[in-house]
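Protein chains in written order, with my numbering: chain A, 4 to 335; chain B, 4 to 335.
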């Protein structure tokens with residue numbers, strides 16, 4: 004009897020250990036742990052299950068599993084101002100002593116005196132001038148070095164946290180989940196491609212060759228008998244709005260089957276993605292959580308979510324409510 | 004005694020079986036079987052062994068193992084005329100009824116009457132005109148369809164074999180060997196990117212997103228309520244000569260550690276590759292086997308190997324003699 008009890012006890016222990024083991028594995032394997040158990044999470048998992056189910060009509064071969072992600076506001080925070088604009092501001096300050104004329108010339112004067120409104124009053128034309136002044140006139144290697152040095156310590160002006168820690172934990176999990184299911188993930192961003200490539204691999208696991216962005220003309224030159232690539236002050240691609248499908252076709256050469264964005268700048272990428280044959284997925288991140296992040300949408304100046312939101316509602320695309328759908332926003 | 008003999012016999016059998024097994028495995032694993040046992044093959048294997056030896060000073064992490072290949076004359080035959088030129092000629096014939104003016108206008112007239120010399124007399128300007136006339140004015144999807152249809156049956160005018168079977172067996176093995184050793188291989192070709200992408204995955208195992216080539220401007224348009232990408236008659240990148248490092252930086256974003264070409268059009272790609280830090284490898288294919296393929300080098304009009312050859316000799320880059328270094332040229 005005692006022996007039997009002992010055996011039963013042993014079985015109970017073994018059973019709990021083994022259950023515990025199974026639960027552990029399940030917890031580890033449960034995809035998207037920072038996503039709440041809402042329709043949004045289900046929509047993602049349903050889509051991925053559908054395209055990976057071999058033999059089904061909705062199966063998509065691995066080679067066609069291309070997913071594209073906007074960066075600013077989709078993978079990392081873009082408020083109170085876009086990270087690349089902070090970098091640009093810093094560069095303007097560094098370069099100002101060599102450009103006394105900037106003290107009275109917009110958009111430079113505004114940036115130097117902290118009057119961002121005045122600096123951005125000229126709109127896209129002003130931003131283009133800033134980009135030319137700060138992103139060109141050096142070699143690609145010199146620029147990469149500038150970015151690497153800056154990003155290592157650059158912090159969000161509101162939270163004081165490193166920008167590279169202001170990435171969205173649920174989106175990092177989504178990248179992992181897609182990769183684990185055979186997807187090749189790309190960034191397709193309005194940001195400068197040479198600004199993003201130095202750190203995307205470390206921060207998102209996305210290598211330089213899977214980053215598409217705005218870019219300027221390059222020119223091969225010989226300096227001290229060595230070839231260098233000079234960054235010329237001529238725009239090549241504005242990888243935003245109608246430029247996103249162009250960038251995708253030029254640099255990737257296939258239409259994605261899933262696309263992720265957060266503003267009207269992503270609308271055409273989502274439309275391009277959704278208009279191909281077979282199963283497709285489009286998602287917009289809605290910034291509706293001012294407590295944990297920022298709140299902005301229809302009337303935002305730099306990252307308006309208006310027309311794309313209407314399209315999403317009209318076509319049943321997935322819209323993430325950061326407040327409701329994300330348990331955590333940033334990595335701990 | 005008998006038992007001992009039996010044991011010895013068993014050991015001999017086991018030993019031979021096991022030796023046989025090992026030999027089989029070795030034969031199957033022996034890299035580059037179509038390459039003769041010359042210094043060229045050794046140079047390739049030495050380089051790959053060096054960069055993959057973990058813990059050594061010459062080790063290169065997988066993410067940096069980028070190799071770029073020219074296409075025409077490096078991966079497939081480009082004689083008696085480049086494959087894309089055959090395609091262009093075919094397109095000119097198809098489109099000629101809509102362009103009566105072509106009958107008296109070069110380079111079209113030359114192509115239509117078979118006077119290739121007259122057609123190519125205008126040089127690059129003439130080729131650009133042909134490309135605009137045959138490669139633009141339709142959507143990317145329409146053009147892809149044209150290429151797919153054509154390539155399925157297009158044959159080399161001299162051998163009568165499918166162009167897609169006029170690929171170099173030793174180079175297919177080299178692609179496999181590099182991939183098996185953690186390399187990501189890219190095509191970086193002067194040919195049109197939209198001309199290559201429809202078939203490179205099937206023929207070389209190189210997906211569209213790893214193909215860099217010459218390209219024209221694209222424009223997003225809505226047709227019947229659906230987004231399409233129109234191919235505009237404006238050149239964006241001539242991915243040849245000094246354009247190759249530009250294409251590499253723009254589309255890949257890292258400097259390769261190994262590059263493979265066959266003409267002066269590849270010189271700058273090889274220089275760019277070799278001028279980075281750490282172990283590097285550059286290889287030129289020399290077409291010196293008129294019996295099995297074609298013979299051309301210093302004085303060829305379309306694919307001259309002259310300056311790049313001198314550079315290779317001066318710097319000790321690897322030069323393949325197709326005659327001496329390749330046991331077979333084409334797949335059986």
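Built from N, CA and C at the ideal position, the CB exists for glycine as well. Given the structure is predicted, the values throughout are model-derived calculations rather than measurements.
With H, G and I counted as helix, E and B as strand and the rest as coil, what does DSSP make of residue 63 (chain A)?
Reduced to three states, the DSSP call for residue 63 (chain A) is coil.
Which residues does DSSP list as the beta-bridge partners of residue 251 (chain B)?
DSSP output for residue 251 (chain B) lists no bridge partner at all.
Please give me, in chain order, every unbroken run of the alpha helix (DSSP H) with length at least 4 that falls completely inside the region 71-98 of chain A.
The qualifying runs are 86-98.
Report the rounded CA-to-CA distance for residue 114 (chain A) versus residue 150 (chain B), giving the unit in angstroms.
Taking the straight line from one Cα to the other gives about 51 Å.
Is the beta carbon of residue 147 (chain A) sitting closer than 8 Å to the one on residue 232 (chain A)?
No, the Cβ-Cβ distance between residue 147 (chain A) and residue 232 (chain A) is not below 8 Å.
Report the CB separation of residue 73 (chain B) from residue 198 (chain B) in whole angstroms; it is logged as a contact under 8 Å.
About 15 Å; that fails the 8 Å criterion.
Comparing C-alpha positions only, which one of B:62, B:223, B:176 sits nearest to residue 207 (chain B)?
Measuring from the Cα of residue 207 (chain B), the nearest candidate turns out to be B:176.
With 8 Å set as the bound, which would you pick, yes or no: does the beta-carbon of residue 254 (chain B) sit closer than that to a beta-carbon of chain A?
Yes, because at least one Cβ of chain A sits closer than 8 Å to the Cβ of residue 254 (chain B).
Return the CA-CA distance between residue 200 (chain A) and residue 259 (chain B), expressed in angstroms with no decimal places.
Distance between the alpha carbons of residue 200 (chain A) and residue 259 (chain B) is about 15 Å.
Give the range of the alpha helix (DSSP H) segment to which residue 53 (chain A) is assigned.
Its alpha helix (DSSP H) spans residues 42-55.
So, with DSSP's three-state summary, where would you put residue 286 (chain A)?
Here residue 286 (chain A) sits in strand by DSSP.
Rounded to the nearest angstrom, how far is the Cβ of residue 320 (chain A) from that of residue 285 (chain A), given a contact under 8 Å?
That pair is a contact at about 4 Å.
Give the residues of chain B in contact with residue 257 (chain A), contact being defined as C-beta atoms less than 9 Å apart.
Simply 200, 210, 211, 212.
Can you check which of these residues, A:271, A:266, A:169, A:334, is closest to residue 312 (chain A) by C-alpha distance?
Among A:271, A:266, A:169, A:334, the Cα nearest to that of residue 312 (chain A) belongs to A:266.
In terms of residues, what are the limits of the beta strand (DSSP E) holding residue 190 (chain A)?
Counting along the chain, the beta strand (DSSP E) containing residue 190 (chain A) begins and ends at 187-195.
Can you give me the C-alpha to C-alpha distance between residue 125 (chain A) and residue 278 (chain B), rounded to a whole angstrom?
Distance between the alpha carbons of residue 125 (chain A) and residue 278 (chain B) is about 42 Å.
Can you pull the chain A residues whose beta carbon is under 9 Å from the beta carbon of residue 275 (chain B), in chain order?
Ordered by position in chain A, the residues that pass the 9 Å Cβ test against residue 275 (chain B) are 223, 230, 232.
Taking 8 Å as the cut-off, decide whether the C-beta atoms of residue 70 (chain A) and residue 261 (chain A) are in contact.
Yes, Cβ-Cβ distance for residue 70 (chain A) and residue 261 (chain A) is below 8 Å.
Just to confirm, are residue 64 (chain A) and residue 248 (chain B) a CB contact at a threshold of 8 Å?
No, the Cβ-Cβ distance between residue 64 (chain A) and residue 248 (chain B) is not below 8 Å.
Starting from the beta carbon of residue 188 (chain B), find every residue of chain A whose beta carbon is closer than 8 Å, and list them in chain order.
Going along chain A, no residue has its Cβ under 8 Å from residue 188 (chain B), so there is no contact; the nearest lies around 12 Å.
To the nearest angstrom, how far is the alpha carbon of residue 192 (chain B) from that of residue 251 (chain B)?
Going by the C-alpha atoms only, they are around 10 Å apart.
Compare the beta carbon distance of residue 297 (chain B) and residue 82 (chain B) with 8 Å and say whether it is the shorter of the two.
Yes.
Taking the straight line between their C-alpha atoms, what separation do you get for residue 239 (chain B) and residue 246 (chain B)?
The straight-line gap from Cα to Cα measures roughly 11 Å.
Is there at least one Cβ from chain B nearer than 8 Å to residue 248 (chain A)'s Cβ?
Yes, residue 248 (chain A) lies at the interface with chain B (some Cβ there is under 8 Å from its Cβ).
DSSP state of residue 241 (chain B), grouped into three classes?
Three-state result, residue 241 (chain B): coil.
Pull out every residue of the region 134-145 of chain B whose Cβ sits closer than 8 Å to any Cβ of chain A, in chain order.
Result list: 143.
What would DSSP say about residue 182 (chain A), mapped onto helix, strand or coil?
Of the three classes helix, strand and coil, the one that applies to residue 182 (chain A) here is helix, per DSSP.
By the three-class DSSP mapping on this structure, what secondary structure does residue 225 (chain A) have?
Strand.
How should residue 32 (chain A) be labelled, buried or exposed, when 16 other C-beta atoms within 10 angstroms of its C-beta is the threshold for buried?
The residue in question, residue 32 (chain A), is exposed, as its Cβ has fewer than 16 Cβ neighbours within 10 Å.
Applying the criterion that 16 or more other CB atoms from any shown protein chain within 10 Å of the CB defines a buried residue, is residue 110 (chain A) buried or exposed?
Buried, because 16 or more other Cβ atoms sit within 10 Å of the Cβ of residue 110 (chain A).
Can you tell me the Cα-Cα spacing of residue 179 (chain A) and residue 46 (chain A), whole angstroms?
Spanning the two alpha carbons is a distance of roughly 17 Å.
Check the DSSP bridge columns for residue 329 (chain A) and list the partner residues they point to.
Answer by DSSP bridge pairing, in chain order: A:38.
Check whether the Cβ atoms of residue 287 (chain B) and residue 139 (chain B) lie closer than 8 Å to each other.
In this structure, residue 139 (chain B) does not lie closer than 8 Å to residue 287 (chain B) by Cβ.
Can you list the residues of chain A that residue 217 (chain B) reaches, using a CB-CB cut of under 8 Å?
Result: empty, since nearest Cβ-Cβ is about 11 Å, beyond 8 Å.
If you check the beta carbons only, do residue 216 (chain A) and residue 194 (chain A) fall under 8 Å apart?
Taking 8 Å as the Cβ cut-off, residue 216 (chain A) and residue 194 (chain A) qualify as a contacting pair.
How would you write the range of the alpha helix (DSSP H) that residue 111 (chain B) sits in, first residue to last?
Note, residue 111 (chain B): alpha helix (DSSP H), 111-116.
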